[in-house]
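Here the protein sequences come in this chain order: F and V.
Take 1 as the starting number for the first sequence in the numbering used here and just add one per residue.
Take 1001 as the starting number for the second sequence in the numbering used here and just add one per residue.
Quick reminder that beta carbons are idealized off the backbone N, C-alpha and C, glycines included.
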Amino acid sequence: QKEVEQDPGPLSVPEGAIVSLNCTYSNSAFQYFMWYRQYSRKGPELLMYTYSSGNKEDGRFTAQVDKSSKYISLFIRDSQPSDSATYLCAMGYSSASKIIFGSGTRLSIRP
Amino acid sequence: EPEVTQTPSHQVTQMGQEVILRCVPISNHLYFYWYRQILGQKVEFLVSFYNNEISEKSEIFDDQFSVERPDGSNFTLKIRSTKLEDSAMYFCASSVTQRDPYFGPGTRLTVT
Chain F
1 QKEVEQDPGP LSVPEGAIVS LNCTYSNSAF QYFMWYRQYS RKGPELLMYT
51 YSSGNKEDGR FTAQVDKSSK YISLFIRDSQ PSDSATYLCA MGYSSASKII
101 FGSGTRLSIR P
Chain V
1001 EPEVTQTPSH QVTQMGQEVI LRCVPISNHL YFYWYRQILG QKVEFLVSFY
1051 NNEISEKSEI FDDQFSVERP DGSNFTLKIR STKLEDSAMY FCASSVTQRD
1101 PYFGPGTRLT VT
């Protein structure tokens, strides 16, 4: 079983729709969780960082963590064509500095 | 907004040659990292650096790789004898705490 699993997509939704992106993980030692956005041939851009179970909101983005189910989500409200990118979940341990990335979900927002 | 910068944006080298990838982390950050992404694959951790020493490294980071912070602003990754399979995007990252690293735009390394 992979440490972090993420559906690669592609996911295509119309502009204005709510987007739901998800990752599951197998290692309960993960303590903190991040979502990155990556445009083609660019570096990952940190969108959200959460440490505990529950929801965290930042503008149009909401990150949700359910540690009991080992499941994290990113919701994008009022999606825009500029949100078209690959979204990477990433997870880290409290005792280590490395983070483990998911394979990324390619998202396309249709105008 | 401060950001991580990397040079060069693209480096082409021949197999067996040494390359040095350069990074300027965000100025008040204390933790520095190198990650790489082979085309079409996941972003993979290589090494983390704190307080002028390596704090963690992956299996990929073998004796062919080294990191250095030669002065107060630069952070470098050296590959001593490049192989074809070292071709990838190399990302430098930095963070204030041992969390949520901010990534640079990457250096595309092509080994021929």
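Three-way DSSP call (helix, strand, coil) for residue i in this model
i, result
"S53 (chain F)", "coil"
"P14 (chain F)", "strand"
"S69 (chain F)", "coil"
"S1095 (chain V)", "strand"
"D1100 (chain V)", "coil"
"E1085 (chain V)", "helix"
"S82 (chain F)", "helix"
"E1044 (chain V)", "strand"
Check whether residue i and residue j have beta carbons under 8 Å apart
i, j, result
"G43 (chain F)", "G1040 (chain V)", "no"
"V1004 (chain V)", "I1079 (chain V)", "no"
"F1075 (chain V)", "F1049 (chain V)", "yes"
"D78 (chain F)", "R106 (chain F)", "no"
"S1058 (chain V)", "E1044 (chain V)", "yes"
"S84 (chain F)", "Q1098 (chain V)", "no"
"V1111 (chain V)", "K1083 (chain V)", "yes"
"M1089 (chain V)", "R1036 (chain V)", "yes"
"E5 (chain F)", "N27 (chain F)", "no"
"L88 (chain F)", "Y36 (chain F)", "yes"
"G1016 (chain V)", "S1081 (chain V)", "yes"
Whole-angstrom distance between residue j and residue i, CA atom to CA atom
i, j, result
"D7 (chain F)", "I100 (chain F)", "15 Å"
"S82 (chain F)", "I109 (chain F)", "8 Å"
"R41 (chain F)", "S1055 (chain V)", "28 Å"
"D32 (chain F)", "S1095 (chain V)", "In the sequence as displayed, the identity of residue 32 (chain F) is Tyr instead of Asp. Rounded to whole angstroms, Y32 (chain F) to S1095 (chain V) spans 14 Å at the Cα level."
"G1104 (chain V)", "P1025 (chain V)", "8 Å"
"L46 (chain F)", "S68 (chain F)", "24 Å"
"Y25 (chain F)", "Q1006 (chain V)", "31 Å"
"I18 (chain F)", "G92 (chain F)", "27 Å"
"V65 (chain F)", "P10 (chain F)", "23 Å"
"E1053 (chain V)", "A1093 (chain V)", "16 Å"
"G54 (chain F)", "T1013 (chain V)", "47 Å"
"Q38 (chain F)", "D1063 (chain V)", "30 Å"
"P111 (chain F)", "T86 (chain F)", "17 Å"
"N22 (chain F)", "Y1102 (chain V)", "21 Å"
"E15 (chain F)", "F1032 (chain V)", "37 Å"
"A29 (chain F)", "I1038 (chain V)", "27 Å"
"S52 (chain F)", "E1001 (chain V)", "27 Å"
"S1073 (chain V)", "I1060 (chain V)", "25 Å"
"F1029 (chain V)", "P1070 (chain V)", "Reading off the sequence shown, one finds His at residue 1029 (chain V), where the question assumed Phe. Their Cα atoms are separated by approximately 16 Å."
Cross-chain neighbours of residue i in chain B, by beta carbon under 7 Å
i, result
"D1086 (chain V)", "In the displayed structure, chain B is absent; the protein chains listed are F and V."
Presumed contact (8 Å Cβ cut-off) between residue i and residue j, rounded CB distance
i, j, result
"L1109 (chain V)", "Q1011 (chain V)", "5 Å"
"K1042 (chain V)", "S103 (chain F)", "5 Å"
"K70 (chain F)", "A63 (chain F)", "The Cβ separation is near 15 Å, so there is no contact."
"F75 (chain F)", "S20 (chain F)", "6 Å"
"M34 (chain F)", "D1100 (chain V)", "6 Å"
**OP:** Could you run through the region 28-45 of chain F and flag, in chain order, every residue whose CB is less than 9 Å away from some CB of chain V?
**Re:** Y32, M34, Y36, Q38, R41, K42, G43, P44 and E45
Original post:
Along the region 80-97 of chain F, what residues have a CB closer than 7 Å to any CB found in chain V?
Top reply: L88, G92, A96 and S97
Original post:
Taking a cut of 7 Å between CB atoms, which residues from the region 46-68 of chain F lie near chain V?
Top reply: L46 and Y49
**OP:** Return the residues of the region 1078-1110 of chain V that lie within a Cβ-Cβ distance of less than 9 Å from chain F, sorted by chain order.
**Re:** The residues in question are M1089, F1091, C1092, A1093, S1095, Q1098, R1099, D1100, P1101, Y1102, F1103, G1104, P1105, G1106 and R1108.
Subject >> Residues in the region 1055-1081 of chain V having any Cβ partner in chain F nearer than 8 Å >> reply: Under the 8 Å Cβ criterion, the region 1055-1081 of chain V contributes S1055, E1056 and S1058.
**OP:** Check each residue of the region 1021-1035 of chain V: if its Cβ is closer than 9 Å to any Cβ of chain F, include it; give the result in chain order.
**Re:** Of all residues in the region 1021-1035 of chain V, the ones placed with a Cβ closer than 9 Å to any Cβ belonging to chain F are Y1031, Y1033 and Y1035, in chain order.
**OP:** Taking a Cβ distance cut-off of 7 Å, strictly less, list which residues of the region 2-23 of chain F are near chain V, in chain order.
**Re:** none
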